[in-house]
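Notes for the one structure printed next.
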Amino acid sequence: MAAVVAYCSQTGSAKRYADWLAEELGCQAAPLERIEVAAADADLVVLCSWFHAASLKGAKRFRTYIAAHGEKRYAIVAVGATPMPCELWPASEHEEAFRRSFPTDAYPDLPWCYCQGGFHFERLGAVDKVMMRIYFKMLEGEVRKGDQRSATALAQMREGYDGCERSYLDPLVTELRARGWA
Numbered sequence: 081m082a083a084v085v086a087y088c089s090q091t092g093s094a095k096r097y098a099d100w101l102a103e104e105l106g107c108q109a110a111p112l113e114r115i116e117v118a119a120a121d122a123d124l125v126v127l128c129s130w131f132h133a134a135s136l137k138g139a140k141r142f143r144t145y146i147a148a149h150g151e152k153r154y155a156i157v158a159v160g161a162t163p164m165p166c167e168l169w170p171a172s173e174h175e176e177a178f179r180r181s182f183p184t185d186a187y188p189d190l191p192w193c194y195c196q197g198g199f200h201f202e203r204l205g206a207v208d209k210v211m212m213r214i215y216f217k218m219l220e221g222e223v224r225k226g227d228q229r230s231a232t233a234l235a236q237m238r239e240g241y242d243g244c245e246r247s248y249l250d251p252l253v254t255e256l257r258a259r260g261w262a
């Protein structure tokens, strides 16, 4: 089965996951802007993108592509700054953010996984830097109230970090293989 991984990345984390996944699937990774050409002969098209303002960047374009090419198979890698599911960040929160872009009623059988990315303030665009400064102020207020989760997030983001791990893709790769798609 021919595959392609289309990616949308601002600071490099989503591209890194796209490259790793493409290597696993034996295919190419290409920017989402080139999806029509890159995925022309693909049976499986995977979007690897990042959360921005609680929705997946490029989701609208990918949904349009899915609607125009219903014969193909699709999967998603959603990259975010929060840790992998744990006590402070339950999996349900990642799913809730994912479902804002790909609602269950419209995409009931869409395989996807969440992968922690990184946070690099210096790589953000000007508008996102302003938004993040506002977000930092909001977190500071939560920290003053004793919110441990906000304290953890604020400390990590102020320092910057790289939370990417190739193994975070394993559940999706396993599912794609179980379905006979990879």
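Read left to right, the sequence shown gives residues 81 to 262 (the working numbering). Yeah, the Cβ is synthetic: ideal placement off N, Cα and C, and Gly gets one too.
Looking at the strands, I want to know which residues DSSP matches up with residue i.
i: residue 242; result: 198
i: residue 87; result: 111 and 128
i: residue 192; result: 156
Less than 7 Å between the beta carbons of residue i and residue j, yes or no?
i: residue 300; j: residue 174; result: Nothing can be reported for residue 300, as the shown portion of the chain is limited to 81 through 262.
i: residue 83; j: residue 122; result: yes
i: residue 163; j: residue 196; result: yes
i: residue 109; j: residue 145; result: no
i: residue 261; j: residue 153; result: yes
i: residue 191; j: residue 255; result: yes
i: residue 246; j: residue 100; result: yes
i: residue 161; j: residue 216; result: no
i: residue 181; j: residue 139; result: yes
i: residue 81; j: residue 112; result: no
Would you grab the beta carbon distance between residue i and residue j for me? Rounded to a whole angstrom, and I think it's under 8 Å.
i: residue 104; j: residue 249; result: 7 Å
i: residue 85; j: residue 98; result: 5 Å
i: residue 219; j: residue 178; result: Not quite, the Cβ-Cβ distance comes to about 22 Å (not below 8 Å), so this is no contact.
i: residue 201; j: residue 212; result: 6 Å
i: residue 168; j: residue 238; result: 17 Å between Cβ atoms; not a contact.
Using a Cβ-Cβ cut-off of 7 Å, state whether residue i counts as contacting chain D.
i: residue 191; result: Absent here is chain D; the protein component of the structure consists of one chain.
task = Decide if the segment 154-174 is in contact with the segment 109-129; the criterion is three or more beta carbon pairs, one per stretch, under 8 Å apart.
result = yes
| query | Enumerated in chain order, which unbroken segments of the alpha helix (DSSP H) with a length of 4 residues or greater are wholly contained in the segment 96-183? | reply | 115-118, 139-148 and 171-181
Can at least three beta-carbon pairs, one atom from the segment 233-245 and one from the segment 83-91, be found at a separation below 8 Å? no
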